[in-house]
Amino acid sequence: MDIFSNSFEKKWALIFGFLFFIIMVPFPFFYATRYIPVIYGLPSFIVGWTAHTVITMILIVVFYVQAMRRPEYHEFDEERKGE
Numbered sequence: 001m002d003i004f005s006n007s008f009e010k011k012w013a014l015i016f017g018f019l020f021f022i023i024m025v026p027f028p029f030f031y032a033t034r035y036i037p038v039i040y041g042l043p044s045f046i047v048g049w050t051a052h053t054v055i056t057m058i059l060i061v062v063f064y065v066q067a068m069r070r071p072e073y074h075e076f077d078e079e080r081k082g083e
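Quick note: this note's numbering has the sequence shown finishing at residue 83, numbered continuously throughout.
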């Protein structure tokens, strides 16, 4: 099963690829060589990395829930081995 075999795989590959692309671009809220305070004096890159991490974790949970509803992700379940 590759990412181009169905729309579900393609959609999630694009979502996580976009998150990877965003983190690799040197935006000032991910990469800063000088101190830029944002919230309560925290540097902007700490707030940016924290927000990106929270968004990524939420999307991982959403992906897991959606993937477990699909039959191809249950191919090697213990209950189905006897069939």
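Note that the Cβ used here is the ideal one computed from N, Cα and C, for glycine as well.
Between residue i and residue j, how many whole angstroms is the CB-CB distance? I'm expecting something under 8 Å.
i, j, result
"Ser-44", "Ile-55", "Rounded, the Cβ-Cβ distance is 16 Å, inconsistent with contact."
"Gly-41", "Phe-29", "That pair is no contact at about 15 Å."
"Ile-15", "Glu-9", "No, Ile-15 and Glu-9 are not in contact; Cβ-Cβ is about 11 Å, not under 8 Å."
Can you tell me where the alpha helix (DSSP H) holding residue i begins and where it ends?
i, result
"Leu-19", "7-24"
"Thr-61", "In the sequence under discussion, the amino acid at residue 61 is Val, which differs from the Thr named in the question. Where Val-61 is concerned, the enclosing alpha helix (DSSP H) stretches over 44-68."
- Message: With three or more C-beta pairs closer than 8 Å as the rule, is the region 60-75 touching the region 20-34?
- Response: The region 60-75 and the region 20-34 do not touch, with fewer than three beta-carbon pairs separated by less than 8 Å.
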